[in-house]
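Let me begin by presenting the structure, written as structure tokens, before commenting on it.
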Amino acid sequence: MNRQRAANPPYRLPPPLFDARCKACWFVVGLAGLVVASFWSLDLQWAQFLSLQAVHSMARFVGEFFPPDTSPAFLRKVALGAWETLAMSALGTGLAALAGLALAVPASRLYAGHTAPARVPTRLILNALRSIPELVWAALLLISAGLGPFAGTLALALHTTGVLGRLFAEAIENAPPGPAAALRTHGVGNGRVFLYATLPQVLPQLMSYTLYRWENNIRAAAVLGVVGAGGLGQLLAFHMGLFHMSKTATILGAMLLMVAVVDAASHGARRWLTR
Amino acid sequence: MKVELTALSARHPAARAQSRPAVDGIDLLIGAGESVAVIGPSGAGKTTLLHAMACALTPSSGSLRLDDVAPWSLPRAQLQRVRARLFLAPQVPPLPPRQRVVTAVLAGQLPAMGLWRSVRSLVYPVDIPAAHDALDRFDLADKLFERVDRLSGGERQRVGLARALVAMGGGGGPAGGRAAPPGASVLLIDEPLSALDPTRARQAIGALVDGARDHGATLVATLHQVDVALAHFPRIVGLRDGRLAFDLPAAAVTRERLAALYDRFEHGLRGEVPALAADTPAAPAPVLMHCR
Amino acid sequence: MAASAAPARDPAWLGRSFWLLALLVLLWPLGVATEFRPWVLLEPGNLRVTGQFLGSFWPLAHGGEFLAMVARETWRTVAMATAGVSLALLIAIPLTLASTQALSVSALSGRMARGPFWLRQALRWLLIVLRSIPELVWALVFVRVVGLGPTAGVLAIALTYGGMLGKVYGEILESGETHATTTLLRNGSSRLQAFLYALLPASAAELTSYTVYRWECAIRSSVVLGFVGAGGLGQQLDNSMKMFNGGEVASMLLVFIALVALADRVSAWLRKVLG
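Structure (structure tokens):
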């Protein structure tokens, strides 16, 4: 093989671009392959999307959104829907914080060397809860709870319990061990060690996670209604199905406004907590 | 409570199994109600000795007997009850930063409080007078309802010592007449004066020694301030390189002995204390990754 | 003895009671708005339906044809997520480059000039709008325009995730050390050169790590989008739920949980390897 040699040894040439022994090269090749296979196998309708006809119909479609419907009667309905969505997200997140904390304690190793027998099964439960998206939970819960925001609240609560439970467990495991170790040396049981030493240390972090999750949940709550779980989403699906685009525009505007309000409130609350 | 160590060796919990033990073959007999000061240069094993006496780490060889009972041979429930009678105050005060002083101090009574009382105390402190009296002995009574992280380092250290007084039962007076289990009867204090100025240090050590005497508790304190140790403790134990250098009444500790103990560690002899070791830095917060 | 008498009451008690009461008072309207009636779950009619549905989970559907369909749809879900994130990168990278302060030439000598400043702000607002609209809403709109199928889903993910990636890329770039970048810019290199030689190497690990994490989230989103007609596992799940076919629903849920767990592992491993 005629490999190039540097003009003035012992200086070396840069490595070849693709080296069969380099794992990163194979990884990049695999990644490129995955992307290409995805696009190829999906049979995407680019022609339909990018054709002039499609652009025209999109433009016409977007035009139908304006002007948005601002009649007082409809605005009142939208306001009610927004309040329902807000309540769903707040209550769902709150319930999830409590349930998540209750599950996080058995799911964490309270100190180095703690056998934590319930850790693996509880983590499995938390993973199952958080793997299933809120919308799927909502669709499942509609069967038991019927149409309306109750199913949405429960769906948010279940999914968020999984998310918060895992985050809380990690925070508990990463808490500084000093205060807890001192109490354990004094002969205090695990439960009270947690209440007196670990929880006061991680509580600001837990609340910060909960508030941050609320920001996500307001977006999720807004769309849960698409499967019938109440709130703005139900209004949206209804009017979009009937092609009332101006009303849809108002609802979308209300969604954006609510998301912005909750983002700001959550950000402010988190700042106040860490003062 | 009588504390008896026979040829005790112990390793630092994070040390490898084959490394030299931090405390090597210590023979020590401390009678009930005695006050002992442990002095020695840095790295002599004073902290490990205290932790071994507090049943916080298992000895690698030798034996520990408390009131003629070997605690490590007891079943777990009984070991917990023995632990309730030992109080270890680490060098860095083990106080959660955002907790209030009153709750942090009352936590010293946790082994004696039932479950319901403990939980109630979190919401509304159950024994404010006891916490107040204990803090008052260290001149901190006005900080009763402050948050721990709003205190200075010296104040936090004194709160840790107030917790020791509360752990013995009550705010320094004779043990309360409740039918509750008795409080701590062995106080193991690690460097109680490292963040205190000389006046406060004298007050603090006086309060500790008086409190222990009033409750009939055994007091073992490690100190860098040799002069304070000689002034307040009737018995001095000198440790160097994990071994017992001497075990004498305070009057018999001569300058030559001290010089030999701190040989090549002169800053220790002068009472200069290495900077208060910070707690292990908290692990970085878990990566906050959400699907939003 | 005590120099002053111990205080009789805990001064924080009043404040705490007030906040607790306020919280309870707030819970009531939230419960009303979300129609939060947990006892509905235990009504005999609902219990019966729930019991039947849960009972039909076993035996899990395991026919050969069904499993082949599940495998196909799982691949489509993953492909949709991969294609969506790839397109999102196409949106996010130019927007980030154009909106990051670190590459501002006018800011080298003090304040940024007004024109570039407002341009950057406008692009940031564009990113915020892109990420505020839930992808489900985008998907609903695109389904109307390009019809049912994965195209709508891919586009919805591309737009929303483009916004999210753009925002976080901006944060990562700006939180790093910009000294090398400004030096290159001062010495006359173009913005793209400064990016490739200074800004990108400094933050490459974090950027890749976050992108990989987003890909994992995109898989979950694809399933959700299937509920509005974007195909993949989500659509099959929706169909099976509507037919109350518990066995198929349970099988698909298990496959989905396993898929998410696998993606989670892969993502964690990749993030570890990329350091």
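Protein chains in written order, with this note's numbering: chain A, 1 to 275; chain B, 1001 to 1292; chain C, 2001 to 2275.
Ideal placement from N, C-alpha and C gives every residue a C-beta, glycine not left out.
Note that the structure is predicted; figures quoted are calculated from it, not measured.
Query: Please name the residue or residues paired with E1004 (chain B) in a DSSP beta bridge.; Result: B:L1029, B:R1065
Query: Whose Cβ in chain C lies nearer than 8 angstroms to the Cβ of V227 (chain A)?; Result: F2227
Query: Return the chain-ordered list of same chain residues with a C-beta closer than 7 angstroms to the C-beta of E2135 (chain C), the five sequence neighbours on each side being excluded.; Result: A2156, I2157, T2160, S2221, L2225
Query: What residue range does the alpha helix (DSSP H) around S2209 (chain C) cover?; Result: 2200 to 2225
Query: For the region 2010 to 2042 of chain C, enumerate the residues whose C-beta is nearer than 7 angstroms to any C-beta of chain B, in chain order.; Result: D2010, P2011, A2012, W2013
Query: Mind pulling the alpha helix (DSSP H) runs of 4 or more residues that sit fully within the region 1186 to 1263 of chain B?; Result: 1198 to 1215, 1226 to 1232, 1255 to 1261
Query: Give the residues from the region 1125 to 1152 of chain B that approach chain C closer than 7 angstroms (Cβ to any Cβ), ordered along the chain.; Result: P1125, I1128, P1129, H1132, D1133, D1136, A1141, L1144, F1145
Query: What does A1990 (chain C) touch in chain B if you count any residue whose Cβ is under 7 angstroms from its own?; Result: Outside the displayed span of chain C (2001 to 2275) sits residue 1990 (chain C), for which this structure offers no information.
Query: At which residue ranges does the region 184 to 218 of chain A contain complete alpha helix (DSSP H) runs of 4 or more residues, listed in the order of the chain?; Result: 190 to 193
Query: Determine the contact status of L1219 (chain B) and V1226 (chain B), defining contact as a CB-CB distance below 8 angstroms.; Result: no
Query: What residues in the region 142 to 173 of chain A have a beta carbon less than 9 angstroms from any beta carbon of chain C?; Result: L142, I143, S144, A145, G146, G148, P149, F150, G152, T153, L154
Query: Given P1284 (chain B), which residues of its chain have a CB within under 8 angstroms of its CB, disregarding the five upstream and five downstream residues?; Result: With a pLDDT of 42 at P1284 (chain B), under the threshold of 50, the modelled position of this residue cannot be trusted, and the question is left open.
Query: Can you find a C-beta in chain C that's less than 8 angstroms from the C-beta of S208 (chain A)?; Result: no
Query: Tell me, please, whether the region 2122 to 2131 of chain C touches the region 2187 to 2197 of chain C by the rule of three or more beta-carbon pairs shorter than 8 angstroms.; Result: no
Query: Report back the beta-carbon spacing between A1250 (chain B) and R1235 (chain B) to the nearest angstrom; my notes put them in contact at under 8 angstroms.; Result: 7 angstroms
Query: Under the three-state reduction of DSSP, which class applies to I132 (chain A): helix, strand or coil?; Result: coil
Query: Spatial neighbours of L1248 (chain B) within its chain, please: C-beta separation below 7 angstroms, excluding the five flanking residues on both sides.; Result: I1236
Query: Taking the Cβ atom as the reference point for each residue, do G1043 (chain B) and L1008 (chain B) lie within a distance shorter than 8 angstroms?; Result: no
Query: How about T85 (chain A): is its C-beta nearer than 8 angstroms to some C-beta of chain B?; Result: no
Query: Check L1088 (chain B) in the structure and name its three-state DSSP category.; Result: strand
Query: Output the distance between the C-alpha atoms of A2098 (chain C) and I2091 (chain C), rounded to the nearest integer angstrom.; Result: 11 angstroms
Query: When burial is assigned at 16 or more other CB atoms within 10 Å of the CB, is R2120 (chain C) buried or exposed?; Result: buried
Query: Would DSSP call S1035 (chain B) helix, strand or coil?; Result: strand
Query: State the Cα-Cα distance for the pair R2246 (chain C) and L2054 (chain C), rounded to the nearest angstrom.; Result: With the sequence shown as reference, residue 2246 (chain C) is identified as Gly, and Arg is not the correct amino acid for it. So the two alpha carbons sit approximately 7 angstroms from each other.
Query: Which residues, in chain order, does the region 245 to 267 of chain A contribute to contact with chain C at a C-beta distance below 8 angstroms?; Result: L252, M255, L256, V259, A260
Query: Hey, is R192 (chain A)'s beta-carbon within less than 8 angstroms of any beta-carbon in chain B?; Result: yes
Query: Going along the chain, which unbroken runs of the alpha helix (DSSP H) with 4 or more residues stay wholly within the region 1 to 61 of chain A?; Result: 23 to 42, 46 to 50
Query: Taking the beta carbon of T1254 (chain B) as the centre, do at least 16 other beta carbons fall within 10 Å, making it buried, or is it exposed?; Result: exposed
Query: Could you check how far apart the C-beta atoms of R109 (chain A) and R123 (chain A) are, in whole angstroms? I think they sit under 8 angstroms.; Result: Between R123 (chain A) and R109 (chain A) the Cβ distance is about 11 angstroms, and since that is not below 8 angstroms, they are no contact.
Query: Taking Cβ-Cβ distances below 8 angstroms as the criterion, which residues of the region 55 to 67 of chain A are in contact with chain C?; Result: S57, M58, F61
Query: Going along chain B, which residues have a C-beta under 9 angstroms from H186 (chain A)?; Result: A1054, R1083, A1084, L1086, F1087, L1088, A1107, G1108, L1110, P1111, A1167, A1184
Query: Buried or exposed for Y11 (chain A), going by 16 or more other Cβ atoms inside 10 Å?; Result: exposed
Query: So what's V1126 (chain B) in DSSP terms, helix, strand or just coil?; Result: coil
Query: Of all the options B:F1145, B:G1114, B:T1199, which has the alpha carbon lying nearest to the alpha carbon of G1154 (chain B)?; Result: B:T1199
Query: Within 8 angstroms (strictly less), CB to CB, does V1119 (chain B) reach chain A?; Result: yes
Query: What is the C-beta distance between S131 (chain A) and I2257 (chain C), in whole angstroms, given that I count them as a contact (C-beta under 8 angstroms)?; Result: 5 angstroms
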